[in-house]
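Worksheet: the structure to be examined is printed underneath.
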Amino acid sequence: MKTFFTYKKLKELFNSLIFAFVFAFLFQTFLYQPFKIPSRSMEPNLMIGDYLFVEKFAYGYSNSSLSFWLNRFDIFPQTFFYNKPKRGDVIVFLLPRDHSLHYIKRLIGLPGDEIQVKKGQLYINGVPTAIERIDTQKTADTDGRDIFQETLPNNISYKVYIARNSDKSTMPNDTPIYKVPQDHYFFMGDNRDNSIDSRYLNDVGFVPVGNVLGKAKFVYWSSDFSIWDMVTKFKTDRAFKLIN
Numbered sequence: 001m002k003t004f005f006t007y008k009k010l011k012e013l014f015n016s017l018i019f020a021f022v023f024a025f026l027f028q029t030f031l032y033q034p035f036k037i038p039s040r041s042m043e044p045n046l047m048i049g050d051y052l053f054v055e056k057f058a059y060g061y062s063n064s065s066l067s068f069w070l071n072r073f074d075i076f077p078q079t080f081f082y083n084k085p086k087r088g089d090v091i092v093f094l095l096p097r098d099h100s101l102h103y104i105k106r107l108i109g110l111p112g113d114e115i116q117v118k119k120g121q122l123y124i125n126g127v128p129t130a131i132e133r134i135d136t137q138k139t140a141d142t143d144g145r146d147i148f149q150e151t152l153p154n155n156i157s158y159k160v161y162i163a164r165n166s167d168k169s170t171m172p173n174d175t176p177i178y179k180v181p182q183d184h185y186f187f188m189g190d191n192r193d194n195s196i197d198s199r200y201l202n203d204v205g206f207v208p209v210g211n212v213l214g215k216a217k218f219v220y221w222s223s224d225f226s227i228w229d230m231v232t233k234f235k236t237d238r239a240f241k242l243i244n
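In structure tokens:
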């Protein structure tokens, strides 16, 4: 009778699994890590169902770069090969109050900046950002939302959503001045009325430099989350799209 599993075959299988794990760990720690978009906070630029790669070497390596839950432990005391992010970059970071959670937002405030939102208008160091309404989108749950083109002081432009029926007199559309501490960043979602971000100090707040994981680089797949929809509703207009 022929034995299907032999010691040699089991050893080869074990070695293959170890190699695959080490390769995946090194790839995700030093090169690119895949993520999926679970919420609407970055619409209209990133949608629920988008799968993207995050460039891990964009800003250097830190404890946050580690994969397979190792980023929950303080293994590295500092960031190595650190490169400063640019205002307007779309970045994945570890939530300051819970390192098991990853957030993706747009970098708005650099260390030392003063950030404020007044009646839905973003101000950076007392100067309003350039903003232009380019379209209106009807929605089932609101009176509609306007699509704006927002341009930061370094000429980075992108689209943002602002709901028409949002209350412009309350948070987060009318905020105090946030003074970004040294070695911290201030992030906001592009879907301004549907994003828990640095405006909410008790939930996200200022994000330490060491919590930055990497730069969102490109969407490699976009679909609904079910297996059937992944096959039947492949969104070719979004797949392999660069993120800006």
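Taking UniProt numbering, the leading residue of the sequence shown gets 1, the next gets one more, and so forth.
Glycine is no exception: its CB is placed at the ideal position from the N, C-alpha and C atoms.
Could you name the residues of the same chain whose beta carbon sits closer than 7 Å to that of Pro208, not counting the 5 residues immediately before and after it, in chain order?
Pro96, Asp183, His184
How big is the Cα-Cα spacing for Pro38 and Leu110?
26 Å
Would you grab the beta carbon distance between Tyr32 and Trp221 for me? Rounded to a whole angstrom, and I think it's under 8 Å.
The pair is not a contact, with the Cβ atoms about 14 Å apart (cut-off 8 Å).
Cutting at 8 Å between CB atoms, please list the residues of its own chain near Lys159, excluding the five before and the five after it.
Pro44, Asn45, Ile134, Ile147, Phe148, Gln149, Glu150, Asp190
So Ala216 and Val92 are supposed to be a Cβ contact under 8 Å. How far apart are they, rounded?
6 Å
Nearest residue (CA-CA) to Tyr161, options Arg40, Gly210, Val117
Arg40
Would you kindly work out how many angstroms separate the C-alpha atoms of Val204 and Pro181, rounded to a whole number?
14 Å
Buried or exposed: Lys36, going by 16 or more other Cβ atoms within 10 Å of its Cβ?
exposed
Given a cut-off of 9 Å on the beta-carbon distance, is the pair Asp89 and Leu101 in contact?
no
Distance, Arg192 Cα to Arg87 Cα:
17 Å
Unbroken beta strand (DSSP E) runs of length 3 or more, entirely within the segment 191-228: which are they?
212-222
From Met1 to Leu10, what does the alpha carbon distance come to, in whole angstroms?
Summary for Met1: the model assigns pLDDT 46, below 50, so the residue's position carries little reliability, and this model does not support an answer.
Name the two residues that bound the continuous beta strand (DSSP E) containing Thr6.
Here Thr6 belongs to no beta strand (DSSP E), and DSSP marks it neither H nor E.
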